């Protein structure tokens with residue numbers, strides 16, 4: 004609440020983030036293990052001035068949005084609203100929800116769900132200017148020179164006459180509703196909320212924003228992140244089964260016992276990759292109680308792990324794996340194993356290293372009771 008006036012925040016998070024190039028919409032990607040949308044929400048949720056938060060998201064991600072916000076302990080969410088065809092439709096849906104649930108709200112702030120670095124100071128200043136002027140927009144001065152790109156050529160323009168617009172943008176609720184309804188009635192779609200309000204005849208106050216308040220749009224906007232994961236797996240020998248290592252059938256009198264093809268090398272690599280991505284372990288994603296994985300090729304499962312990394316925009320830097328076995332010798336098959344892994348993981352063979360070792364006849368591998376494998380993988384984005 005601001006000076007006894009109720010404040011609602013609409014977080015626009017209905018976009019699919021096609022420019023990001025990920026399967027998951029950008030607002031649900033993680034930075035430091037926290038979804039971008041959650042990082043954004045946490046700032047508003049911690050502010051005394053904010054009474055209610057409305058998240059508008061793509062309909063197919065409403066349940067996911069609910070799950071991650073509840074897990075994060077966001078307290079002020081009043082509703083998660085289904086988005087529309089365009090951003091303007093989505094915000095309008097949320098605005099109607101605000102008016103329905105909390106008709107006493109005086110001020111409405113609209114913020115991009117993919118701007119997680121907004122500061123409380125900027126938010127406070129926008130609320131303050133909205134209360135005194137009726138409408139306010141966070142913005143920053145341009146740093147680069149600009150030119151007009153026209154049909155007959157380009158021409159320079161005065162940089163000082165322009166600003167770069169950010170969010171949050173704040174408005175008196177009644178004026179915002181009137182502005183939206185006027186635009187919707189005439190079929191007009193603006194570039195942002197302030198344009199609709201200005202079009203309806205209201206003035207916009209410019210508030211100093213923050214250069215760190217960037218909108219995450221492409222993968223270049225994400226902070227550089229390097230991670231390392233380790234994996235370890237063991238399988239006992241079993242008669243009547245093929246021995247598969249690295250997707251290669253190894254001539255031997257026994258195979259390995261397991262629910263899948265028991266490719267201990269690939270399992271260790273999968274575990275390392277899943278761990279580096281912070282996604283648990285192989286058992287969580289491919290439990291041996293699931294009949295759909297019975298007898299499945301571990302190379303197929305590795306492809307699914309690659310999909311998890313792609314979803315998080317992670318690339319694999321390198322893999323270093325060791326097969327621990329008294330028998331058989333794997334040296335003749337390493338090149339083929341590396342080729343298999345490189346193909347599935349879409350990486351250079353030179354970034355994959357596989358080696359074999361024994362335990363000098365010590366332990367269960369030394370007694371030829373089974374094979375172990377360990378792996379270290381590094382990923383980045």
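Residue numbers (the numbering used here): 4 to 384. Even for Gly, the Cβ is constructed at its ideal location relative to N, Cα and C. Since the structure is predicted, the reported quantities are computational estimates derived from the model, not experimental observations.
**OP:** Determine the burial state of residue 49: buried for a count of at least 16 other Cβ atoms within 10 Å of its Cβ, exposed for fewer.
**Re:** Around the C-beta of residue 49, fewer than 16 other C-beta atoms lie within 10 Å, and the residue is accordingly described as exposed.
Original post:
Nearest to residue 127 by CA position, among 177, 212, 178, is which residue?
Top reply: 212
Subject >> Straight-line Cα distance separating residue 278 from residue 386 >> reply: Residue coverage of the chain in this structure runs from 4 to 384, which leaves residue 386 outside it and unanswerable.
Original post:
In terms of residue numbering, what span does the beta strand (DSSP E) encompassing residue 181 cover?
Top reply: Taken as a continuous stretch (DSSP letters only), residue 181 belongs to no beta strand (DSSP E), being part of the alpha helix (DSSP H) at 176-189.
Subject >> residue 249 and residue 343 closer than 7 Å at C-beta >> reply: yes
Original post:
What three-state label does DSSP hand residue 160 in the structure shown?
Top reply: strand
**OP:** Specify whether the stretch 98-112 and the stretch 186-195 touch according to this definition: at least 3 beta carbon pairs, one from each stretch, less than 8 Å apart.
**Re:** no
Original post:
Can you give the Cα-Cα distance for residue 184 and residue 273, rounded to whole angstroms?
Top reply: 53 Å
Subject >> Cβ shell of residue 381 (< 6 Å), same chain only, five flanking positions each side left out >> reply: 231, 320, 321
Original post:
At what residues does the alpha helix (DSSP H) containing residue 287 begin and finish?
Top reply: Here the alpha helix (DSSP H) through residue 287 covers 285-288.
**OP:** Measure the CB-CB distance between residue 355 and residue 337 and report whether it falls below 7 Å.
**Re:** no
Original post:
Using DSSP with H/G/I as helix, E/B as strand and the rest coil, what is residue 252?
Top reply: strand
Original post:
Closest to residue 240 by CA distance: which of 130, 367, 351 is it?
Top reply: 367
Original post:
So, residue 265 versus residue 238, is the Cβ gap smaller than 7 Å?
Top reply: yes
**OP:** Please state if the CB of residue 325 and the CB of residue 358 are separated by a distance shorter than 7 Å.
**Re:** yes
**OP:** Check the C-beta distance from residue 422 over to residue 10 and give it rounded, since I have them as a contact under 8 Å.
**Re:** Outside the shown range of the chain, which is 4 to 384, sits residue 422, and nothing can be said about it.
**OP:** Check whether the stretch 140-149 touches the stretch 158-170, taking contact to mean three or more Cβ pairs, one atom from each stretch, closer than 8 Å.
**Re:** Verdict: yes, contact present.
Subject >> Inter-residue Cα distance where the pair is residue 138 and residue 108 >> reply: 15 Å
Subject >> Endpoints, alpha helix (DSSP H) assigned at residue 346 >> reply: 337-348
Original post:
Within this structure, are the beta carbons of residue 353 and residue 301 separated by less than 7 Å?
Top reply: no
Original post:
What's the C-alpha gap between residue 246 and residue 339?
Top reply: 15 Å
**OP:** Return the first residue and the last residue of the alpha helix (DSSP H) that residue 66 is part of.
**Re:** DSSP places residue 66 inside the alpha helix (DSSP H), whose first and last residues are 65-75.
Original post:
Going along the chain, which residues of its own chain have a beta-carbon closer than 7 Å to the beta-carbon of residue 387, five neighbours each way excluded?
Top reply: Look at the range of the chain in this structure, 4 to 384, and you will see that residue 387 is not part of it.
Original post:
Helix or strand or just coil, what does DSSP make of residue 93?
Top reply: Correct three-state label for residue 93: helix.
Subject >> According to DSSP, residues forming a beta bridge with residue 247 >> reply: When beta bridges are read from the DSSP output, residue 247 appears opposite 252.
Subject >> Minimum length 3: unbroken beta strand (DSSP E) runs contained in the stretch 94-159 >> reply: 108-115, 138-144, 149-153
Original post:
In terms of residues, what are the limits of the beta strand (DSSP E) holding residue 57?
Top reply: 55-60
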